[in-house]
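Notes for the one structure printed next.
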Amino acid sequence: MTFKAFAPTRRQALQLAAGAFAAALAPNLALATEAQVADELKKLFGGKSMAEGKVKLDLPEIAENGLVVPLNLEVDSPMTDADYVKAVHVFADGNPLPQVVTYHFTPASGRASASTRMRLAQTQNVIAVAEMSDGKLYSAKAQVKVTIGGCGG
Amino acid sequence: MAITSKPRVRVPAQAKAGEIIEIKTLISHEMESGQRKDSAGKTVPRDIISTFEAAFNGKPFFKADWFPAISANPFQSFFFKATESGEFTFSWKDDGGSEQKATAKLTVG
Amino acid sequence: MISRRDFLIAGTALAGLFAGQPGALAQAARGQTLSQGDLLKFGASGTVTLLHITDIHAQLVPIYFREPSVNLGVGEARGVPPHLTDQAFLDVFKVPVGGRDAYAMTSLDFQNLAKTYGRMGGMDRMATLIKAIRAERGDDKVLLLDGGDGLQGSWTSLKTKGEDMVKVFSALKTDAMVGHWEFTYGADRVAEIKDKAPFAFLAQNVRSVEWQEPVFEARKTFEKGGAKVAVIGQAFPRTPISNPRWMIPDWEFGIREDEMQKQVDAARADGADVVVLLSHNGFDVDRKMASRVKGIDVVFTAHTHDAMPAVVQVGQTLLVASGSHGKFLSRLDLDVKDRKVAGFRFQLIPVFSDVIAPDPEMAKLVADIRAPYAKDIDRVLGQAGSLLYRRGNFNGTLDDMICDAMMAERDAEIALSPGFRWGASLLPGDPITFEQVANATAITYPACYRMTMTGKQLKDVLEDVADNIFHPDPYFQGGGDMVRVGGVGYSIDVGKEIGSRISDMVFLKTGKALEADRSYTVAGWASVNQNVEGPPIWEIVERYVTAKKTIDIKPNASVKVSGA
Chain A
1 MTFKAFAPTR RQALQLAAGA FAAALAPNLA LATEAQVADE LKKLFGGKSM
51 AEGKVKLDLP EIAENGLVVP LNLEVDSPMT DADYVKAVHV FADGNPLPQV
101 VTYHFTPASG RASASTRMRL AQTQNVIAVA EMSDGKLYSA KAQVKVTIGG
151 CGG
Chain Y
1 MAITSKPRVR VPAQAKAGEI IEIKTLISHE MESGQRKDSA GKTVPRDIIS
51 TFEAAFNGKP FFKADWFPAI SANPFQSFFF KATESGEFTF SWKDDGGSEQ
101 KATAKLTVG
Chain X
1 MISRRDFLIA GTALAGLFAG QPGALAQAAR GQTLSQGDLL KFGASGTVTL
51 LHITDIHAQL VPIYFREPSV NLGVGEARGV PPHLTDQAFL DVFKVPVGGR
101 DAYAMTSLDF QNLAKTYGRM GGMDRMATLI KAIRAERGDD KVLLLDGGDG
151 LQGSWTSLKT KGEDMVKVFS ALKTDAMVGH WEFTYGADRV AEIKDKAPFA
201 FLAQNVRSVE WQEPVFEARK TFEKGGAKVA VIGQAFPRTP ISNPRWMIPD
251 WEFGIREDEM QKQVDAARAD GADVVVLLSH NGFDVDRKMA SRVKGIDVVF
301 TAHTHDAMPA VVQVGQTLLV ASGSHGKFLS RLDLDVKDRK VAGFRFQLIP
351 VFSDVIAPDP EMAKLVADIR APYAKDIDRV LGQAGSLLYR RGNFNGTLDD
401 MICDAMMAER DAEIALSPGF RWGASLLPGD PITFEQVANA TAITYPACYR
451 MTMTGKQLKD VLEDVADNIF HPDPYFQGGG DMVRVGGVGY SIDVGKEIGS
501 RISDMVFLKT GKALEADRSY TVAGWASVNQ NVEGPPIWEI VERYVTAKKT
551 IDIKPNASVK VSGA
């Protein structure tokens with residue numbers, strides 16, 4: 001048994017003291033901002049307007065592990081040749097880089113739905129923008145809290 | 001660096017015509033983000049699988065562009081509307097163009 | 001601004017009202033007006049009887065447990081049940097001051113009333129009540145559900161990895177349970193309980209990390225009194241955050257509201273007449289879920305240890321809160337007509353150990369379970385000089401004792417102790433046995449670490465933990481009460497956002513402001529990190545109590561609360 005004292009980093013201290021886990025990526029990085037996400041959207045779509053709705057982002061309210069955060073999304077669409085979801089672009093506004101994933105769907109997909117796992121460096125918003133076959137854009141936003149954890153209960 | 005690991009895929013073997021089935025895939029890969037520093041303080045260069053694609057009977061129907069925010073050992077699930085029997089082809093490509101493939105058969109009836 | 005001291009003064013003033021009359025109350029309780037038969041008086045009705053026990057925390061024998069005097073709700077939960085304490089609680093639920101229910105459900109005049117009404121709980125008493133209800137209703141009409149946190153919280157449960165309580169729940173003929181602290185025995189042990197126990201271990205909200213597939217049975221349907229009752233299980237959604245994730249590395253949790261709706265719909269499609277959610281979400285999360293998921297008839301809540309003498313209705317859904325530590329048995333009789341719940345009758349039955357005859361079979365089982373550990377659990381370390389309790393949003397006196405022990409035994413300037421809601425209370429004059437220490441510390445990651453932290457780091461810790469309790473959206477909450485702090489005072493405005501709730505941090509040793517850049521030596525325990533070094537916390541507390549002999553804790557006025 002050792003009784004040595006040590007000086008932890010901020011993150012180690014938080015983990016030890018209250019409980020939980022590591023934020024995902026290395027600290028001291030320049031992190032993306034809402035403005036950067038807006039820039040990316042501008043690059044993709046110019047100034048085209050976006051409506052809310054149709055896109056459903058299913059994310060944990062609190063990440064269990066910032067390195068592996070489940071990302072599920074679904075866009076409401078009949079997915080027919082005449083009316084389908086072409087693409088969904090996902091961004092995170094508190095990561096070193098704003099892009100997360102871009103999905104390309106076809107009517108053969110049947111459902112415009114996909115799941116993967118992503119890294120989130122800190123508490124931040126995840127934004128998804130769906131591009132429909134008629135060119136319309138729909139978006140959704142959800143916050144994921146990256147915490148050091150509570151105290152049991 | 002080439003993708004060395006063998007992908008794993010879960011696809012139902014059978015489906016009814018018109019049924020929408022879920023496909024799940026996994027591949028082992030570090031997904032080195034290009035943001036991390038090694039113990040000497042040097043940035044570890046980016047090395048990720050950047051494209052995943054699914055085709056049925058040679059026809060692509062789903063594609064994912066992955067960025068460095070995608071977790072190590074990337075998981076991807078998605079859907080497909082079954083209309084006829086045939087074969088899926090799944091492919092994973094990294095930044096350098098190295099590729100891994102997997103196939104799975106589907107019987108519709 | 002309401003300070004902790006203000007709360008204490010309010011409590012003391014009321015306590016004075018009863019100082020002269022414990023004798024009369026004692027008579028009322030012991031035999032004269034209160035009997036086992038009174039506790040069981042119900043007026044059976046309807047089709048099926050649902051019994052709910054929860055958060056027993058492996059308390060095999062009767063204990064004292066003081067309910068919180070501070071239990072703040074935020075956002076929509078502000079000032080509404082269960083976020084009512086003491087007089088406000090009595091007023092809302094029309095519970096008489098100074099009576100048995102006031103003793104069981106509040107902290108008002110606790111010390112005096114404890115002398116009158118005695119210890120509560122004990123699995124032999126619980127068995128008597130459950131057997132009597134089964135005899136009254138018939139086994140085929142009774143469903144017994146455990147809401148989780150039954151298998152952890154005592155020395156015998158720690159030593160047997162919860163097998164002691166698996167035996168007790170089996171003997172009670174429990175039908176189903178859910179989990180939270182159970183997961184701190186590790187994935188293999190939980191899988192073993194799931195596979196071997198005669199009751200169902202349900203959890204709709206646990207998935208394998210690798211393939212995102214269900215790990216546990218999500219629901220089970222029981223035929224009782226001719227009605228089909230579907231029970232959906234919900235494990236504590238924040239288990240891998242609040243407790244060590246490394247112990248369950250292949251499982252993912254979460255609230256999974258959409259999946260819950262699918263389970264409810266599937267249960268109805270399968271012909272369920274009644275849909276019950278056996279939840280370990282915590283009350284505020286359950287209240288939100290009940291307002292958003294359609295078609296749940298009953299939510300048996302857990303985790304937050306609330307005990308309420310009436311159900312809370314959210315739309316068509318009834319929410320039941322059955323307390324903790326074996327203090328209560330909830331009975332809900334449902335009248336099922338035309339495949340729907342047509343009526344209900346509810347009673348929160350307090351388990352007064354002095355007026356309930358122990359069930360001989362369960363008494364023997366409990367004695368057999370405890371016998372091999374007698375040498376440890378009966379060891380007297382010292383004596384309580386003042387009331388020692390834990391439950392409440394901020395420091396309890398039992399936590400102050402643990403913090404004092406850590407600072408003394410680990411030579412630290414500051415101590416941090418987790419805000420667990422479990423842990424029995426001790427009355428002034430009670431011997432402090434090793435069992436009493438274990439009742440507040442028996443966990444599978446007990447290392448008491450020592451390190452240095454800056455004032456800034458300490459503030460970050462308090463801010464982060466506070467957000468887990470006081471985030472206005474319950475879906476963003478997690479864990480237990482506020483982390484307990486020794487050696488530091490602070491002010492907290494619970495109505496603010498993360499980063500701005502905590503202010504005026506004071507280093508108590510000097511009385512000066514805590515310096516953001518200065519390093520302080522800090523001792524703490526229950527880190528969820530792997531490979532944390534240090535002696536187990538119960539050794540630290542045992543050494544401290546043994547040396548100190550009498551533990552007298554002054555009221556803690558170092559946390560000042562506002563925004564409530």
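Residue numbers (UniProt numbering), protein chains in the order written: chain A, 1 to 153; chain Y, 1 to 109; chain X, 1 to 564. Backbone N, C-alpha and C fix where the C-beta goes; we use that ideal spot for every residue, glycine too.
Distance, Cα to Cα, Lys-24 (chain Y) vs Gln-76 (chain Y)?
Rounded to the nearest angstrom, the two C-alpha atoms are 6 Å apart.
For the alpha helix (DSSP H) that contains Leu-398 (chain X), what are its first and last residues?
Counting along the chain, the alpha helix (DSSP H) containing Leu-398 (chain X) begins and ends at 397–409.
Let me know the alpha helix (DSSP H) ranges lying completely inside the stretch 108–163 of chain X, each 4 residues or longer, listed in chain order.
Runs of the alpha helix (DSSP H) inside the stretch 108–163 of chain X: 110–117, 123–137 and 155–160.
Using 8 Å as the Cβ pair cut-off and three pairs as the minimum, do the stretch 132–139 of chain X and the stretch 397–410 of chain X touch?
By the Cβ test, the stretch 132–139 of chain X is not in contact with the stretch 397–410 of chain X, since fewer than three Cβ pairs between them sit closer than 8 Å.
Which runs of the alpha helix (DSSP H), 4 residues or longer, sit entirely within the UniProt domain "Ig-like SoxY" (42–151) of chain A?
Those alpha helix (DSSP H) runs which fall completely within the UniProt domain "Ig-like SoxY" (42–151) of chain A and span 4+ residues do not exist here.
With a threshold of 9 Å between beta carbons, is Pro-12 (chain Y) in contact with chain A?
For Pro-12 (chain Y), no CB of chain A lies under 9 Å from its own CB, so it is not counted at the interface with that chain.
On the DSSP bridge list, what partners appear for Gly-343 (chain X)?
Looking at the DSSP output, Gly-343 (chain X) sits in a beta bridge with X:Asp-335.
Does Ser-91 (chain Y) get closer than 9 Å to chain A when you measure Cβ to Cβ?
So no, Ser-91 (chain Y) is outside the interface.
Quick check on Gly-37 (chain X): buried or exposed, where buried means 16 or more other Cβ atoms within 10 Å of its Cβ?
Exposed is the call here.
Minimum Cβ-Cβ distance from Ser-77 (chain Y) to chain X less than 9 Å
With 9 Å as the cut-off, Ser-77 (chain Y) counts as an interface residue toward chain X.
Can you name the start and end residues of the beta strand (DSSP E) that Arg-450 (chain X) belongs to?
Residues 448–454.
Using only the alpha-carbon positions, how far apart do Ser-324 (chain X) and Ala-302 (chain X) sit?
Roughly 8 Å between the two C-alpha positions.
Along the chain, which unbroken stretches of the alpha helix (DSSP H) at least 4 residues long are found entirely within the stretch 259–292 of chain X?
Taking only runs of at least 4 residues, the alpha helix (DSSP H) segments lying wholly in the stretch 259–292 of chain X are 283–292.
Provide the residue span of the alpha helix (DSSP H) that contains Glu-67 (chain X), from first to last.
No alpha helix (DSSP H) contains Glu-67 (chain X), which DSSP labels as neither H nor E.
For my contact list, residue 573 (chain X) and Phe-352 (chain X) are in at a C-beta cut-off of 8 Å; report their separation, rounded to the angstrom.
Since the displayed chain X opens at 1 and closes at 564, residue 573 (chain X) lies outside it and no answer follows.
Look at the alpha carbon of Arg-8 (chain Y) and the alpha carbon of Ala-102 (chain Y), and state the distance between them as a whole number of angstroms.
If you draw a straight line from the Cα of Arg-8 (chain Y) to the Cα of Ala-102 (chain Y), it comes to about 8 Å.
Would you give the residue range spanned by the beta strand (DSSP E) that Phe-75 (chain Y) belongs to?
Counted as a single uninterrupted DSSP element, the beta strand (DSSP E) harbouring Phe-75 (chain Y) occupies residues 75–81.
Check each candidate in Y:Ala-13, Y:Ala-2, Y:Thr-4 and Y:Ser-5 and name the one with the smallest Cα separation from Ala-82 (chain Y).
When each option's Cα is compared against that of Ala-82 (chain Y), the closest is Y:Ala-13.
Using a Cβ-Cβ cut-off of less than 8 Å, list which residues of the stretch 246–263 of chain X approach chain A; keep chain order.
The residues in question are Glu-252, Phe-253, Gly-254, Ile-255 and Asp-258.
Which first and last residues belong to the beta strand (DSSP E) in which Arg-484 (chain X) is found?
Secondary structure note for Arg-484 (chain X): its beta strand (DSSP E) is the uninterrupted segment 481–486.
Output yes if chain X places a C-beta closer than 9 Å to the C-beta of Asp-93 (chain A); else output no.
Asp-93 (chain A) does not count as touching chain X.
How many angstroms separate the CA atom of Val-320 (chain X) from the CA atom of His-280 (chain X)?
In this structure, the alpha-carbon of Val-320 (chain X) lies about 12 Å from that of His-280 (chain X).
The stretch 121–129 of chain A contacting the stretch 90–102 of chain A, beta-carbon criterion three pairs below 8 Å:
A contact exists between the stretch 121–129 of chain A and the stretch 90–102 of chain A.
Would you call the stretch 232–245 of chain X in contact with the stretch 152–164 of chain X, where contact means no fewer than 3 C-beta pairs closer than 8 Å?
Fewer than three beta-carbon pairs drawn from the stretch 232–245 of chain X and the stretch 152–164 of chain X are found closer than 8 Å, and the two stretches are therefore not classed as touching.
Chain-order list of residues whose beta-carbon lies under 6 Å from that of residue 565 (chain X) (same chain, five-residue window excluded):
Lying before the first or after the last residue shown, residue 565 (chain X) is absent from chain X, which here runs from 1 to 564.
On the three-state DSSP scale, how would you describe residue 568 (chain X)?
Since the first residue of chain X shown is 1 and the last is 564, residue 568 (chain X) is not available in this structure.
Please classify Asp-504 (chain X): is it buried, with 16 or more other beta-carbons within 10 angstroms of its beta-carbon, or exposed?
Counting Cβ neighbours within 10 Å, Asp-504 (chain X) comes out exposed, since fewer than 16 surround it.
Measure the alpha-carbon distance for Asp-58 (chain A) versus Lys-512 (chain X) and round it to whole angstroms.
As the crow flies, the alpha-carbon of Asp-58 (chain A) is around 47 Å from that of Lys-512 (chain X).
Are Trp-66 (chain Y) and Phe-80 (chain Y) touching if we call contact CB-CB under 9 Å?
With respect to the 9 Å criterion, Trp-66 (chain Y) and Phe-80 (chain Y) are not classified as neighbours on the basis of their beta carbons.
Quick check on this structure: which residue in X:Ser-107, X:Val-209, X:Asp-91 and X:Gln-59 has the alpha carbon closest to the alpha carbon of Arg-391 (chain X)?
For Arg-391 (chain X), the nearest C-alpha among the options comes from X:Ser-107.
By how many angstroms is the C-alpha of Ile-49 (chain Y) removed from the C-alpha of Ser-69 (chain X)?
Approximately 55 Å between the Cα atoms of the pair.
N-terminal and C-terminal residue of the beta strand (DSSP E) that Tyr-520 (chain X) is part of:
Its beta strand (DSSP E) spans residues 519–525.
Which of the three DSSP states is assigned to Pro-536 (chain X) in this structure?
Strand, per DSSP.
Measure the C-alpha to C-alpha separation of Trp-246 (chain X) and Gln-530 (chain X) and round it to an integer number of angstroms.
If I take the Cα positions, the gap works out to 7 Å.
Residue range of the unbroken alpha helix (DSSP H) whose run includes Gly-37 (chain X)
Counting along the chain, Gly-37 (chain X) sits inside the alpha helix (DSSP H) bounded by residues 36–40.
Would you please verify whether the beta carbon of Ala-6 (chain Y) is less than 9 Å from any beta carbon of chain X?
Inspection of the sequence shows that residue 6 (chain Y) is occupied by Lys rather than by Ala. Not closer than 9 Å to any Cβ of chain X, the Cβ of Lys-6 (chain Y) fails to qualify, so no.
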